[in-house]
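K.L.:
In full-length UniProt numbering, the protein residues as written are 1 to 83. Beta carbons: idealized from backbone N, C-alpha and C, even for Gly. Please see the structure below; I have some questions.
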């Protein structure tokens, strides 16, 4: 009988989630959202792990965007603006 460890299953699920985030647009390219015509792009000025939407938004405003928010398991800051 094969024993499957909980840690192994957790690791596989984590890798699948990270891969899913990358395919959704985690590459930092500009992508357009359908509702309200809002464009987003990964921040170039934000350093470190994004844990505060407020801090992310402030950095994005300094980059010329209207705001920003944290996204993904790796905690990346994405900036938003009207297209």
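Can you tell me which residues form a DSSP beta bridge with residue 70?
P.N.:
DSSP, once it has assigned bridges, lists 77 as partnering residue 70.
K.L.:
How about residue 50 and residue 81: are their beta carbons less than 7 Å apart?
P.N.:
The answer is no: Cβ separation not under 7 Å.
K.L.:
Measure from the alpha carbon of residue 64 to the alpha carbon of each residue in 36, 4 and 78, then state which is nearest.
P.N.:
The residue with the shortest Cα to Cα distance from residue 64 is 78.
K.L.:
Express the C-alpha separation of residue 48 and residue 73 in angstroms, rounding to a whole number.
P.N.:
Using only the alpha carbons, I get a separation of about 13 Å.
K.L.:
Specify the secondary structure class of residue 60 as computed by DSSP and reduced to three states.
P.N.:
If DSSP states are grouped into helix, strand and coil, residue 60 belongs with the helices.
K.L.:
Just list the residues that DSSP pairs residue 41 with in beta bridges.
P.N.:
Residue 41 pairs with 79.
K.L.:
Am I right that residue 56 and residue 70 are in contact with their C-beta atoms under 8 Å? What's the rounded C-beta distance?
P.N.:
Contact flag correct, Cβ pair sits at about 5 Å.
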